[in-house]
Amino acid sequence: MTSMLEVRGLRKIYRRGLIDRTPTFQLSADFTIDEPAIVGMMGPNGSGKTTLFELVTGSNAPTEGEVLVQGRNIHKVRTDQRDRLAIHYHQSYQVRHFRSFTPNLLLDAAGSAYPVVHLFDEPQFNTQDGYIGFMLDFFRKLRAQGRLVFLCVHPNEKFHLEIIEEICERFIFVQNGTVTTLDTFDALLTHDPARAYLGTLLPEARP
Amino acid sequence: MTLFQATGLQKRFGSRVVLENITLGIEEGTVHGIMGPNGAGKTTCFHLLTGHHAPDAGSIVFAGQDIAGLPPHRIARLGVARSFQIMNLFDDTVVIENVMLALPAFKAQTGRIFGNGFADRRLIDSALEVLDMVGLAGSAWSKTKSLSYGDRRALEIAVALAAEPRIVFLDEPTSGLGVEATRALAALIRRLRTRFTICLIEHDMRFLFGLADRISVIHWGQVITEGTPAELMANKWVARSSLKEAV
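Chains H and F supply the protein sequences, listed in that same order.
Reminder that position 139 of the first sequence reads as 138 in numbering that gives the first Met the number 0, one-by-one numbering, no gaps.
Reminder that position 32 of the second sequence reads as 31 in numbering that gives the first Met the number 0, one-by-one numbering, no gaps.
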């Protein structure tokens, strides 16, 4: 069976410049998600979350490794069809910009009409207006249709953590370019870097 | 019966994708609400549904006919009327003239050399009838610019109704209105619903929840959920929001 998403030996290295090749930032990821799921992603600012999203949607090219969405290497798919495999939702409107040195003619077709992987970048969760519930319904609907949902959240209130616990089945924590997958909410809460990140938001009496 | 069906609508402006995939159906004789947070694509959706933008993909079927990509005047003639978020009225006229100009019979008149629509009693009567629907018959001969903001909104709706549409699209009709005027507008829409199919695009959830038969919630350029106000209110996060107390 093909996995929904395979991130194989993925590395992105940003260097200071063309002459001075000192790496300034490095992201490494290696994980597989076999089944449809809602995956919560967290990590401090600048840890590489957005870079990871860009690598998964094919809008940023990796230094090494590959991303397979339902068995297709997204970086070898026509740039005008990559959003049929994986789609990156920004906070409000969607800018999609892909660059590839290989012309589309020589690239593969997406082979999918509606995206398989949906990555939501910090959706605005506001308890005032009631939209949270509708967004969560949408994530559940996508999952029920057999899709993979990533939810990048930046919890800064207790209810944000409640949302994450309610909706996410597994987790990814990114810290300094290192990507760790965690299978349960409890595993997230016992992961030391995540504990440090969540700080005062952590539920107090959790064994 | 589904009077209006949009399927898989997509709209891009360059690399900016405003509408991803909009699918919604509007039943004849109902009030259908479209709501969503800022930047969700509501107004673009409205422009697509009423023909002011052509979709890049998808179909729009109105009364059995595919209207996607037809010019706005053709769509209007088929029976789709719309209002504008920015009011479009002739300020230096009297109220009734705005409506008369929009009557199909008046438009037919202007083609004739000896016709003068403004002297035609039947046209005046039809315009008065339309003004009566929105509660403005008493102000028919007042200067347009003397109307209150709420009455201008009602007049705008009258202009849309003068074309004898089957469906009326209203874009954020409550924008700029105070509490009283919003209440009056809700009462007006309740009266009109017996004669027209109405689609409201609204930011004001409370207003929509009290009026609509069904609501499509738009976010990220897609319909993220859909249902009756009661179904949407049953959501536990809606129950926790300030919306619950308001309705």
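We treat Cβ as the ideally placed atom computed from N, Cα and C, and that holds for glycine.
**OP:** Determine the chain F residues that contact M134/H at a beta-carbon separation under 8 Å, and present them in chain order.
**Re:** H218 and I223
Original post:
On the three-state DSSP scale, how would you describe G39/H?
Top reply: strand
Original post:
Do R239/F and T126/H have their CB atoms nearer than 8 Å?
Top reply: yes
Original post:
Thinking C-beta only, is C167/H closer than 8 Å to G39/H?
Top reply: yes
Original post:
List, in order along the chain, the chain H residues whose C-beta lies closer than 9 Å to that of K41/F?
Top reply: Going along chain H, no residue has its Cβ under 9 Å from K41/F, so there is no contact; the nearest lies around 12 Å.
**OP:** Tell me, please, whether the CB atom of D185/H is closer than 8 Å to any CB atom in chain F?
**Re:** no
**OP:** Taking a Cβ distance cut-off of 9 Å, strictly less, list which residues of the segment 88–110 of chain F are near chain H, in chain order.
**Re:** If the cut-off is 9 Å between Cβ atoms, the segment 88–110 of chain F has nothing near chain H.
Original post:
Just reading off the beta strand (DSSP E) that Y148/F is part of, what are its end residues?
Top reply: First-last for Y148/F: Y148 to A161, but that is the alpha helix (DSSP H), not the beta strand (DSSP E).
Original post:
Checking contacts by CB at 8 Å: is D137/H closer than that to chain F?
Top reply: Note on identity: in this sequence residue 137/H is Phe, with Asp being the wrong assignment. Yes, because at least one Cβ of chain F sits closer than 8 Å to the Cβ of F137/H.
Original post:
In this structure, what does DSSP give as the bridge partners for Y88/H?
Top reply: In DSSP, Y88/H forms a bridge with F119/H.
Subject >> Proximal residues of chain F, C-beta to C-beta of R95/H below 7 Å >> reply: S14 and V16
**OP:** At 4 residues or longer, and completely inside the segment 178–235 of chain F: list those alpha helix (DSSP H) runs for me, N to C.
**Re:** 178–191, 204–210 and 228–232
Original post:
Do we get a CB-CB distance below 8 Å when we pair G129/H with the residues of chain F?
Top reply: With 8 Å as the cut-off, G129/H counts as an interface residue toward chain F.
**OP:** Using a cut-off of 7 Å between C-beta atoms, extract the partners of V133/F located in chain H.
**Re:** What V133/F touches in chain H: nothing, since even the nearest Cβ is about 30 Å away.
**OP:** Give the DSSP-derived three-state secondary structure of T6/F in the structure shown.
**Re:** In the three-state DSSP reduction, T6/F falls in the strand class (E or B).
Original post:
From V55/H to E128/F, what does the alpha carbon distance come to, in whole angstroms?
Top reply: 60 Å
Original post:
Along chain H, which residues have their Cβ under 9 Å away from the Cβ of R239/F?
Top reply: T126, G129, I131, G132 and F158
Original post:
Using a beta-carbon distance below 8 Å, is Y88/H in contact with chain F?
Top reply: yes
Subject >> Distance between beta carbons of L135/F and D150/F, contact taken as under 8 Å >> reply: 6 Å
Subject >> Simplified DSSP assignment, three categories, for Q80/H >> reply: helix
Original post:
Quick check: the segment 113–122 of chain H against the segment 44–55 of chain H, are there 3 or more CB pairs under 8 Å?
Top reply: Contact holds: three or more Cβ-Cβ distances are below 8 Å.
Original post:
Three-state secondary structure (DSSP) at T1/H?
Top reply: coil
**OP:** Quick one: which unbroken alpha helix (DSSP H) runs of 4-plus residues sit fully inside the segment 136–172 of chain H? Chain order, please.
**Re:** 157–166
Original post:
Any idea which residues DSSP pairs A56/F with across the strands?
Top reply: Q9/F
**OP:** Leaving aside the five residues before and after R192/F along the sequence, list all residues of the same chain whose C-beta is less than 7 Å from its C-beta, in chain order.
**Re:** Correct list, in chain order: V30.
Original post:
Considering S125/F, what are the terminal residues of the beta strand (DSSP E) in which it resides?
Top reply: That residue, S125/F, is in no beta strand (DSSP E); its alpha helix (DSSP H) goes R120 to M132.
Original post:
Leaving out five residues before and five after N97/F in sequence, what residues of the same chain have Cβ atoms less than 8 Å from its Cβ?
Top reply: L88, F89, T143, L154, A157 and V158
Subject >> CB-CB length for L23/F against V222/F, believed under 8 Å >> reply: 6 Å
Original post:
So G42/H and F172/H are in contact, right, with Cβ under 8 Å, and what is the actual spacing, rounded?
Top reply: 6 Å
Original post:
Near L8/F, what residues of its chain come up, given a Cβ to Cβ distance below 6 Å and the 5 sequence neighbours on each side ignored?
Top reply: L18, I21, L47, P54 and G57
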